[in-house]
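Asker:
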Amino acid sequence: MEFDGDELLYVNPYNFKVAQRLPEFAQQWRPDPGLPSTVYEAVDTCKYNIPNCIVGEQAAHLPGVRTERGGDGVPNTLICFVTDFHPTPVNVSWSKGEEPVREGVSETQYYSNDDFSFCLFSYLSFTPQEGDMYSCSVEHRGLEQPLTRLWEVGMQTDPEAAETVVCVGGLTVGMLGVASGIFLIIKANKHS
């Protein structure tokens, strides 16, 4: 079940138990107790109909990968967003330099996109140190080699900081222009 594109809950298709994705809402909202049996019936219907629907495997959708991060020097989380791939599965791995990282790694289940491809989030929780280099690698059978994205501590700039610098610079030039204009008007009035 989704709300505004965020998955609130799902029913595990193996044991038919409801799993809520956002614990802060789980205490305030309880799903319909009949939901697992409804899902069980839907899964049975799908199992019955799937053999009649499968024509053949289409070309694989290749995954797109993007990494995002927070601030430097404090506990942080890198997010590797893998999207637009089909079929499942994908294998996401993290590395620090050349060494594989397993501690602090978590990932979501597969989410479906509107075009029937899938997406997945993989998270790496860590504290960055100057000079560290992290990478997120994605393996999928549609790729000839793993797709890798790098992140180096201290190398990336915060886009908001750049916007702030440009804004302050523009504001300074504008204020100088206004001050110069007022000065010239006062000077012209004194000479007339």
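Taken in order, the sequence shown gives residues 1 to 192; the numbers are from full-length UniProt numbering. Glycine included, every Cβ here is placed at the ideal spot set by N, Cα and C. As the structure is a prediction and not an experimental result, all values here were calculated from the model.
(1) Can you tell me the Cα-Cα spacing of Tyr-111 and Asn-91, whole angstroms?
(2) Alpha carbon to alpha carbon, how far is Gln-156 from Glu-130?
(3) Distance check for Glu-41 and Tyr-48, CA to CA, integer angstroms please.
(4) If you measure between the beta carbons of Phe-126 and Asn-76, is that distance less than 8 Å?
(5) For Tyr-111, which beta-bridge partners are listed by DSSP?
(6) Measuring CB to CB, does Pro-36 end up less than 8 Å from Val-74?
(7) Along the chain, where does the beta strand (DSSP E) containing Lys-96 start, and where does it finish?
(8) I'd like to confirm the pairing. Which residues does DSSP put opposite Met-133 in its beta bridges?
(9) By how many angstroms is the C-alpha of Lys-17 removed from the C-alpha of Val-101?
(10) By the three-class DSSP mapping on this structure, what secondary structure does Glu-57 have?
(11) Using a Cβ-Cβ distance cut-off of 8 Å, determine whether Asn-49 contacts chain D.
(12) Using CA coordinates, which residue listed in Pro-89, Asp-84, Asp-132 and Asn-113 is at the minimum distance from Ser-95?
(13) How about His-86 and Phe-116: do their beta carbons lie closer than 8 Å?
(14) Let me check one thing: in DSSP terms, what residues is Leu-78 bridge-paired to?
(15) Just to confirm my understanding: we take Leu-184, look at its own chain, exclude 5 residues before and 5 after, and list those with CB closer than 6 Å. What are they?
(16) Three-state secondary structure (DSSP) at Tyr-48?
(17) For a quick check, are the C-beta atoms of Arg-149 and Cys-167 less than 8 Å apart?
(18) What span of residues does the beta strand (DSSP E) with Glu-144 cover, start to end?
Answerer: Checking against the coordinates, here is how it stands:
(1) Stepping through the sequence shown from its first residue, residue 111 is reached at position 111. Stepping through the sequence shown from its first residue, residue 91 is reached at position 91. So the two alpha carbons sit approximately 15 Å from each other.
(2) In the sequence shown, residue 156 corresponds to position 156, counting from 1. In the sequence shown, residue 130 corresponds to position 130, counting from 1. Its pLDDT being 48, under 50, Gln-156 is placed unreliably by the model, and the measurement read from it follows with that caveat. So the alpha carbons of these two residues sit roughly 12 Å apart.
(3) Counting from one through the sequence shown, the residue named residue 48 turns up at place 48. Counting from one through the sequence shown, the residue named residue 41 turns up at place 41. The straight-line gap from Cα to Cα measures roughly 11 Å.
(4) Position 126 of the sequence shown, counted from the first residue, corresponds to residue 126. Position 76 of the sequence shown, counted from the first residue, corresponds to residue 76. Yes, the pair counts as a contact, with Cβ atoms nearer than the cut-off.
(5) Numbered from 1 along the sequence shown, position 111 holds the residue referred to as residue 111. Beta-bridge partners assigned by DSSP to Tyr-111: Cys-119.
(6) Position 36 of the sequence shown, counted from the start, is the residue given in the question as residue 36. Position 74 of the sequence shown, counted from the start, is the residue given in the question as residue 74. Their beta carbons are not under 8 Å apart, which means Pro-36 does not touch Val-74 by this criterion.
(7) Position 96 of the sequence shown, counted from the start, is the residue given in the question as residue 96. First-last of the beta strand (DSSP E) with Lys-96: 91-96.
(8) Looking up residue 133 in the sequence shown gives position 133. DSSP, once it has assigned bridges, lists Glu-152 as partnering Met-133.
(9) For the purposes of this step, residue 101 is taken as residue 101 along the sequence shown, with counting starting at 1. For the purposes of this step, residue 17 is taken as residue 17 along the sequence shown, with counting starting at 1. Computed Cα separation, rounded: 31 Å.
(10) Here the question's residue 57 lines up with position 57 in the sequence shown. With a pLDDT of only 46 at Glu-57, under the threshold of 50, the placement of this residue in the model should not be trusted; the figure read from the coordinates follows. Here Glu-57 sits in coil by DSSP.
(11) Within the model displayed, chain D is absent; a lone protein chain is all it includes.
(12) The residue labelled residue 95 in the question sits at position 95 within the sequence shown. It is Asp-132 whose Cα lies nearest to the Cα of Ser-95.
(13) Taking the first residue of the sequence shown as position 1, residue 86 is located at position 86. Taking the first residue of the sequence shown as position 1, residue 116 is located at position 116. Against a cut-off of 8 Å, the Cβ pair of Phe-116 and His-86 comes out as a contact.
(14) To locate residue 78, count along the sequence shown from 1; it is residue 78. In DSSP, Leu-78 forms a bridge with Leu-124.
(15) Locating residue 184 in the sequence shown gives position 184, counting from the first residue. Cβ within range, chain order: n/a, list empty.
(16) Here residue 48 refers to the residue found at position 48 when the sequence shown is read from its first residue. DSSP places Tyr-48 in helix when its eight states are reduced to three.
(17) Taking the first residue of the sequence shown as position 1, residue 149 is located at position 149. Taking the first residue of the sequence shown as position 1, residue 167 is located at position 167. Not in contact: Arg-149 and Cys-167 (Cβ atoms no closer than 8 Å).
(18) Here residue 144 refers to the residue found at position 144 when the sequence shown is read from its first residue. First-last for Glu-144: undefined, no H or E at that position.
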